[in-house]
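Each residue of the sequence shown is one higher than the last, beginning at 35 in the numbering used here.
Think of the CB as a built atom: it goes at the ideal place given N, C-alpha and C, for glycine as much as any other residue.
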Amino acid sequence: MIDRRTLLLGGGLSLLAGAARAEIRINGHLLPPDRDRFKDAPITDFEDIPNHRQMMRDIIVALSGYAKSRNPGFGVLVRDAPELLIKGKREWDWETGRDLDGASDGKYTPVGTVIRPYLNAIDGILADGLFYGRDKPNQPTDADSEQAAFFAAQVLRKEGRTPMSIEYASGGKEAADAARRAGTAKILTHVDMSGTRTLSRVPHGYPPAENPNHITSLKDARNFLPLFRSTAFGSPGDWVAAMAATNYDLLIIDPLFRGNQPLTARDIEQLKQKRIGSRRLVYALLSVGRAEDTRPYWKKEWKVGSPPWLAATDPDISSETIVQFWDAAWKDIVGRYLQGMIDLGLDGVLFDYADVYTWFEDMMPLK
């Protein structure tokens with residue numbers, strides 16, 4: 035998650051020395067100013083700035099189209115990035131700055147317009163910390179971030195899609211409030227009470243709204259478990275056994291144990307059964323905006339700038355590198371991984387780091 039909500043309303047990051055730099059948050063961590071890295075960066079001419087949001091939409095639409103051509107019931111979720119669904123001010127400024135006559139003639143759709151091709155490609159959005167924990171566990175999410183994500187959730191529900199959230203609320207009062215607010219808004223939510231944001235452990239006890247029903251569609255799910263890391267488990271077998279022993283309607287997992295050892299088709303079939311024996315859904319996490327040095331595709335000689343689509347490292351997560359997500363070589367990697375997930379028998383995908391476009395927008399302010 036790259037969080038820069040205030041800039042999404044039309045501001046920008048100046049690369050000029052001495053200018054105020056916007057906050058950039060990745061998975062809740064505030065990146066340091068690191069001005070030395072950017073002080074000599076040239077300002078990009080307005081005409082040379084691409085529409086990074088549309089570039090990300092195009093990728094997700096294409097990936098979804100491929101997946102659903104293979105399996106019409108294959109689910110497609112996106113983590114955060116509500117601006118891909120709903121047109122923001124920056125995008126309006128980008129369009130009208132190139133075509134003032136078109137703006138006055140009503141050629142462009144207004145801010146707040148739902149982007150239909152993108153909506154048609156997805157089955158839901160998973161908001162990280164919609165009400166609690168976006169920046170820090172147990173802490174209410176700031177109003178601007180909540181408003182943007184909540185509006186997207188309302189649009190999804192109205193359009194027959196599934197709005198979802200993960201709430202990081204370890205305190206009983208906060209956890210209850212998060213669950214209540216999500217329930218009132220009809221948002222499928224998981225309240226993580228671990229006190230961290232790692233999503234690495236199977237909770238004790240029973241899922242909320244536990245049920246014996248067969249779940250064959252995302253719309254039927256009444257609860258879900260996001261388990262994005264497996265470092266707490268000693269082996270793939272231990273990890274699979276822990277998940278299989280639950281009755282969650284939907285599991286969302288990294289399909290590689292500790293990021294590098296793939297689960298098998300037999301593992302996935304085991305996970306598709308709740309402990310009580312009824313069917314459930316199993317979705318896999320797939321990053322579209324970052325490369326990770328634990329993944330099988332990573333080559334030991336790779337570094338920022340080599341290959342050229344490796345753009346920047348995260349000082350808080352040194353194993354991850356922001357990528358030029360539109361590059362053909364990176365898209366090929368993502369496409370092959372999605373193909374493998376479908377071949378493995380998974381029911382759907384959660385595209386992660388789709389909001390990486392905000393990093394590139396910060397590097398190219400509209401001036």
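Residue range of the unbroken alpha helix (DSSP H) whose run includes residue i
i       : result
Phe-267 : No alpha helix (DSSP H) holds Phe-267; DSSP gives it neither H nor E.
Val-383 : Unbroken run through Val-383 is the beta strand (DSSP E), 382-386; no alpha helix (DSSP H).
Arg-87  : 86-104
Thr-392 : 391-397
Cα-Cα separation between residue i and residue j, rounded to whole angstroms
i       : j       : result
Arg-69  : Pro-171 : Here the model assigns Arg-69 a pLDDT of 37, short of 50, so the residue's position is not dependable, and the following value carries that caveat. Taking the straight line joining both Cα atoms gives about 28 Å.
Trp-364 : Gln-358 : 8 Å
Asp-81  : Ile-302 : Looking at the sequence provided, one finds Glu at residue 81 rather than Asp. Roughly 48 Å between the two C-alpha positions.
Val-274 : Ala-183 : 32 Å
Glu-335 : Pro-341 : 9 Å
Trp-128 : Leu-315 : 40 Å
Tyr-142 : Arg-132 : 11 Å
Ala-210 : Leu-134 : 50 Å
Thr-223 : Pro-116 : 17 Å
Leu-372 : Leu-305 : 19 Å
Arg-309 : Ala-203 : 26 Å
Lys-401 : Phe-385 : 31 Å
Leu-21  : Lys-337 : No information on residue 21 is available, as it lies outside the stretch 35 to 401 that the chain covers here.
Asn-294 : Gly-268 : 14 Å
Asp-327 : Lys-333 : 8 Å
Glu-125 : Asp-178 : 18 Å
Asp-176 : Phe-108 : 33 Å
Arg-91  : Ser-199 : 21 Å
Leu-297 : Gln-173 : 35 Å
Gly-206 : Ala-213 : 11 Å
Met-398 : His-248 : 48 Å
Ala-276 : Pro-270 : 10 Å
Arg-215 : Gly-339 : 44 Å
Lys-220 : Arg-324 : 31 Å
Tyr-166 : Arg-231 : 11 Å
Gly-260 : Leu-284 : In the sequence under discussion, the amino acid at residue 260 is Pro, which differs from the Gly named in the question. Distance between the alpha carbons of Pro-260 and Leu-284 is about 8 Å.
Ile-77  : Val-383 : 37 Å
Leu-164 : Gly-311 : 32 Å
Lys-123 : Ala-299 : 45 Å
Asp-157 : Ile-367 : 23 Å
Ala-318 : Gly-369 : 14 Å
Residue i - partner residues in DSSP beta bridges
i       : result
Ala-161 : Ser-199
Pro-260 : Ile-286
Arg-120 : As written in the sequence, residue 120 is Ile, which differs from the Arg given in the question. Paired residue(s): Val-148.
Limits of the unbroken beta strand (DSSP E) element including residue i
i       : result
Val-110 : 109-113
Residue i: CB within 6 Å of a non-hydrogen atom of the ligand COA
i       : result
Leu-222 : Absent from the structure shown: the ligand COA. Ligands present: none.
Completely contained beta strand (DSSP E) runs for the region 198-228, where each covers 3 or more residues: Listed in chain order, they are 222-226.
Secondary structure, beta strand (DSSP E): runs of 3+ residues fully inside the region 292-368: Positions of the beta strand (DSSP E) runs, each at least 3 residues long and wholly inside the region 292-368, are given as 315-321, 324-326, 344-348, 351-357 in order along the chain.
Every unbroken alpha helix (DSSP H) inside the region 122-185 [4 residues or more]: Correct list: 123-132, 134-138, 150-155.
Inter-stretch contact at 8 Å, needing at least 3 Cβ pairs: the region 275-290 / the region 179-196: Segments in contact, no.
Touching by the beta-carbon criterion (3+ pairs, under 8 Å), the region 388-395 and the region 102-118: These segments touch.
Segment contact flag, the region 344-358 with the region 82-94, C-beta cutoff 8 Å, min 3 pairs: Between the region 344-358 and the region 82-94, the count of C-beta pairs closer than 8 Å stays below three; the two stretches do not touch.
Touching by the beta-carbon criterion (3+ pairs, under 8 Å), the region 247-255 and the region 223-236: The region 247-255 is not in contact with the region 223-236.
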